[in-house]
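Trainee:
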Amino acid sequence: YRAKAAGGGVAVYDQLLDAVAPEEMSLFGELRTLLDTGDPENQLVLYFQPQIRIADGSVAGVEALVRWRHPTRGLLLPAAFLDMAASRGLEISLTYHLLKVAVAQAARWAAAGNPLAVSVNISPRCLLHDDFLPRIRDAVTDVDLPHGTLQLELTESSVMLEPERARTVLRQVREEGILISVDDFGTGFSSLSQLRQLPADELKIDRSFVQGLARDVDGVVLVRSAIDLGHNLGLSVVAEGVEELEALAVLREMGCDLAQGFALSRPVPADEVPAACARASQAASQHRVPQPHAG
Ligand code: C2E
Ligand code: MG
Ligand code: MG
Ligand code: MG
């Protein structure tokens, strides 16, 4: 009986090794091949989520979010492969690859007469990568994009890793006409003086503070102070993770500039962007109309 139990234990252990490690290994190998070959089948695609100006419901731009159309596993979200990419050294080449995909899409929209600002997520290690500035410049060289069309999102924690270095690099990025957004704000530990010195254009309040805003009193206090802080630093403020239209009224009253979230639109493929933007804009505008009072 004891031997059987021990055998069972070994079997379970073997199963775990089989189930977890090879799966990650194969995803890694597949991703590396995609990046090495330039992803000829376009398995790595960007979805886009509209960002709406709260004051008037107009479209401010879209955030590009990676999805992997995997041939056997279906549509993979970043959570299924970004950590693997980061721990196995593919994060930087993946980010640069997606930056080019995003710039190409922005250029197509601009050329079609519907220019749309596109925000691209930059993984933490890129900012401190020696090649960062040349790669950013390379991505926008020879592409006809109006200034301010491209925006880079860097997380609060990544810009605070080496604040002085980040300042120098981001200043040069902005000289290229590229805007800087501080993503996931509230989850890092920026000091006021560091934030004040950071060359940035926008602050994105992390969705953990925004979710449930319509109901949660503590959340309201935190979001209000983040909005005021951003405005005092001369930044435009985005609330991400707006899941209920009711939160828009609260955000409007607090003077928040932009909103992004499932209540307005999910991230959608490039060809669905015009329709998604129109729907999001309409949802935000309709919500502005004062509801008739009962009685
Ligand atoms: P993030 O940059 O903070 O992006 C926002 C995430 O929140 C996205 O998840 C988006 O789909 C999700 N989201 C938007 N509105 C709502 C909402 O109302 N409710 C909820 N629950 N979620 C909402 P996603 O696409 O899974 O991306 C997760 C993270 O992966 C991103 O967080 C970003 O850090 C990273 N990421 C995504 N795309 C890229 C990329 O192209 N390059 C790099 N380097 N990182 C990326
Ligand atoms: Mg982002
Ligand atoms: Mg974010
Ligand atoms: Mg976030």
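Take the sequence shown: its letter number 155 is residue 534 in UniProt numbering, and every next letter is one higher.
Backbone N, C-alpha and C fix where the C-beta goes; we use that ideal spot for every residue, glycine too.
Could you check if Asp636 is buried or exposed, using at least 16 other CB atoms within 10 Å of its CB as the buried criterion?
Mentor: Within the sequence shown, the letter at position 257 stands for residue 636. So Asp636 counts as buried.
Trainee: Give the DSSP-derived three-state secondary structure of Ser660 in the structure shown.
Mentor: Counting from 1 along the sequence shown, the entry for residue 660 is found at position 281. Here Ser660 sits in helix by DSSP.
Trainee: Relative to the C-alpha of Phe568, which candidate in Leu495, Glu622, Phe407 and Ser536 has its C-alpha closest?
Mentor: For the purposes of this step, residue 568 is identified with residue 189 of the sequence shown, where counting begins at 1. When each option's Cα is compared against that of Phe568, the closest is Ser536.
Trainee: With Thr534 as the anchor, note down where its beta strand (DSSP E) starts and where it stops.
Mentor: Residue mapping note: residue 534 aligns to position 155 of the sequence shown, counting from 1. From DSSP, the beta strand (DSSP E) with Thr534 extends over Leu529 to Thr534.
Trainee: Look up His666 in the DSSP assignment and say whether it is helix, strand or coil.
Mentor: Taking the first residue of the sequence shown as 1, we reach residue 666 at position 287. Helix, per DSSP.
Trainee: Around the C-beta of Gly386, are 16 or more other C-beta atoms found within 10 angstroms, so that it is buried, or is it exposed?
Mentor: Working through the sequence shown from its first residue, we reach residue 386 at position 7. Residue confidence is low: Gly386 scores 43 on pLDDT, short of 50, so the model does not pin down where it sits. Its coordinate-derived value is still stated next. So Gly386 counts as exposed.
Trainee: Classify Val602: buried if its beta carbon has 16 or more other beta carbons within 10 angstroms, exposed otherwise.
Mentor: Walking along the sequence shown from the start, residue 602 turns up at place 223. So Val602 ends up on the buried side.
Trainee: Say the cut is 7 angstroms; is the CB of Glu532 nearer than that to a heavy atom of ligand 2?
Mentor: In the sequence shown, the residue the question calls residue 532 occupies position 153. Checking every heavy atom of ligand 2 against the Cβ of Glu532, one is found closer than 7 angstroms.
Trainee: Check each candidate in Phe511, Gln551, Ala605 and Ala626 and name the one with the smallest Cα separation from Gln590.
Mentor: Counting from one through the sequence shown, the residue named residue 590 turns up at place 211. Out of Phe511, Gln551, Ala605 and Ala626, Ala626 has the C-alpha closest to the C-alpha of Gln590.
Trainee: Pull up the DSSP beta-bridge partners for Pro648, would you.
Mentor: Working through the sequence shown from its first residue, we reach residue 648 at position 269. Pro648 pairs with Tyr426.
Trainee: Check whether the Cβ of Glu442 sits closer than 7 angstroms to any heavy atom of ligand 2, and report yes or no.
Mentor: The residue given as residue 442 occupies position 63 in the sequence shown. Yes, ligand 2 has a heavy atom inside 7 angstroms of this Cβ.
Trainee: Under the criterion of a Cβ to heavy atom distance below 7 angstroms, does Asp462 qualify as lining ligand 2?
Mentor: The residue given as residue 462 occupies position 83 in the sequence shown. Checking the Cβ of Asp462 against ligand 2 gives no.
Trainee: Taking all protein chains shown into account, decide if Pro401 is buried (16 or more other Cβ within 10 angstroms of its Cβ) or exposed.
Mentor: Position 22 of the sequence shown holds residue 401. The residue is exposed, with fewer than 16 neighbouring Cβ atoms inside 10 Å.
Trainee: Cα separation between Cys505 and Leu473?
Mentor: As a first step, residue 505 is located in the sequence shown; it is residue number 126 there, counting from the start. As a first step, residue 473 is located in the sequence shown; it is residue number 94 there, counting from the start. Cα to Cα, Cys505 sits roughly 10 angstroms from Leu473.
Trainee: When every heavy atom of ligand 2 is checked, does at least one fall within less than 7 angstroms of the C-beta of Asp585?
Mentor: Against the sequence shown, residue 585 aligns to sequence position 206. Checking every heavy atom of ligand 2 against the Cβ of Asp585, none is found closer than 7 angstroms.
Trainee: Under 8 angstroms, do Ala659 and Ile501 count as touching if we go by C-beta distance?
Mentor: Along the sequence shown, read from residue 1 onward, the residue named residue 659 stands at position 280. Along the sequence shown, read from residue 1 onward, the residue named residue 501 stands at position 122. No, they are not a contact pair.
Trainee: Report the three-state DSSP secondary structure of Gln576 (helix, strand or coil).
Mentor: Numbered from its first residue, the sequence shown carries residue 576 at position 197. The answer is helix: DSSP assigns Gln576 an H, G or I state.
Trainee: Does the pairing of the stretch 630-650 with the stretch 599-616 give three or more beta-carbon distances under 8 angstroms?
Mentor: Counting Cβ pairs under 8 angstroms, three or more are found: they touch.
Trainee: Where Pro542 and Thr534 are concerned, what is the direct C-alpha to C-alpha distance, given to the nearest angstrom?
Mentor: As a first step, residue 542 must be located in the sequence shown, where it is residue number 163. As a first step, residue 534 must be located in the sequence shown, where it is residue number 155. Going by the C-alpha atoms only, they are around 12 angstroms apart.
Trainee: Are the beta-carbon atoms belonging to Ala443 and Ala496 less than 8 angstroms from one another?
Mentor: As a first step, residue 443 must be located in the sequence shown, where it is residue number 64. As a first step, residue 496 must be located in the sequence shown, where it is residue number 117. No, the pair does not count as a contact, with Cβ atoms beyond the cut-off.
Trainee: Per DSSP, what are the beta-bridge partners of Phe564 in this structure?
Mentor: For the purposes of this step, residue 564 is taken as residue 185 along the sequence shown, with counting starting at 1. Paired residues: Ile584.
Trainee: To the nearest angstrom, report how far apart residue 345 and Asp510 are at their CA atoms.
Mentor: The requested residue 345 does not occur in the structure, where the chain is confined to residues 380 to 674.
Trainee: Using DSSP's beta-bridge definition, name the partner residues of Ser498.
Mentor: As a working note, residue 498 is residue 119 in the sequence shown. BP columns for Ser498 point to Glu442 and Gln530.
Trainee: Between which two residues does the beta strand (DSSP E) containing Ser615 stretch?
Mentor: Taking the first residue of the sequence shown as position 1, residue 615 is located at position 236. Run containing Ser615: Ser615 to Glu619, per the beta strand (DSSP E) assignment.
Trainee: Tell me whether Asn421, by its Cβ, gets closer than 7 angstroms to a heavy atom of ligand 2.
Mentor: The count along the sequence shown starts at 1 and reaches residue 421 at position 42. Asn421 Cβ: outside cutoff for every heavy atom of ligand 2.
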